[in-house]
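Each number in the numbering used here comes from the position in the sequence shown (counting from 1) with 1088 added on. Written below as structure tokens is the structure these notes are about.
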Amino acid sequence: MISIAQTNLQLYRQLIACRWSDRELKAARAAYELAMELFPCRFRSSGKPFVSHLVGTASVLAVCDFPPDVVIAGLLHAVYLQGDFLDGEKGITEKRRKFIAQKFGKRVEGAIAGYSKLPWDLSVVTKLLGTSTSLGELERKILAIRIANDIDDHLDCGMVLSNKTEKIEAGNGEPHPLSRLAIRNELQQLSELVDEVYADQYETELPDVLRSGKSVSFDIKSTNS
């Protein structure tokens, strides 16, 4: 399997190998530093630090040769849905959108907003598989980020180690729906990664004692004064 970064240092090495410019690398660092601020105590349901998940999602997109704006959107994909802006608000707000757009540009912000507005379960995937309409450029980017998010969540059997119910399962003997959706939209590299992480999940047996007992992302607040 292609190596998927889980730390900022690993991600930076990948981006350098992808020949990102200094300006693009600076934007990636700024995105990571913002993620640290917005998700300081947050974890995925598996117990994986949320920032590591964001890095992993960005890394998937980078190794699949997506341009910098898509990779950076992947690094910040959950800021509206789960980030703590310390503003007392939830979800997408005009103030938040303006902040992200000013800091990273409208292309990055538009992809993050689109990701946040797209519901994601088997019915949505089935509908997308059944449509004959081709996705536009932005829609294709949003889909790529969604699939990359799923790939990182299942990396190293992450969902097996949580109590999160699998939302999108493969039928008996059939390719995984996300793999088919990726192929349908000419996202071949993402399709291959979907196949790899799900195959690893199905073939690996892990002790139940390692399960987190969590079904959704959660925060752990410091008890230190």
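Every residue gets a Cβ at the ideal spot worked out from N, C-alpha and C, and that includes glycine. In this text the structure is predicted, and so the values were computed from the model without any measurement.
- Looking at the backbone, the Cα of HIS1264 and that of ARG1130 are separated by about 29 Å.
- For GLY1301, the CB contacts under 7 Å within the same chain, skipping 5 residues up- and downstream, are ASN1251 in chain order.
- Note: ARG1185 is not bridge-paired with any residue in the DSSP secondary-structure output.
- The DSSP-derived three-state label of PHE1138 is helix.
- Cβ contact annotation for VAL1139 (same chain, cutoff 7 Å, sequence separation greater than five): ALA1123, MET1124 and PHE1127, in chain order.
- Per DSSP, the unbroken alpha helix (DSSP H) holding LEU1126 starts and ends at 1110 to 1126.
- Scanning TRP1108, SER1133 and LEU1278 for the CA closest to the CA of VAL1304 turns up SER1133.
- The Cβ atoms of ALA1115 and GLY1162 lie no closer than 8 Å to each other.
- Nearest to VAL1248 by alpha-carbon distance, out of ILE1104, THR1292 and ASN1096, is THR1292.
- Burial state of VAL1151 is buried, judged by a 10 Å Cβ sphere holding 16 or more other Cβ atoms.
- Under the DSSP assignment, ALA1093 falls outside any alpha helix (DSSP H); it carries neither an H nor an E label.
- Pairing LEU1269 with HIS1165, the inter-Cα distance amounts to about 20 Å.
- In this structure, the alpha-carbon of GLU1112 lies about 39 Å from that of LEU1298.
- With fewer than 16 other CB atoms across the displayed protein chains lying within 10 angstroms of its CB, ALA1105 is exposed.
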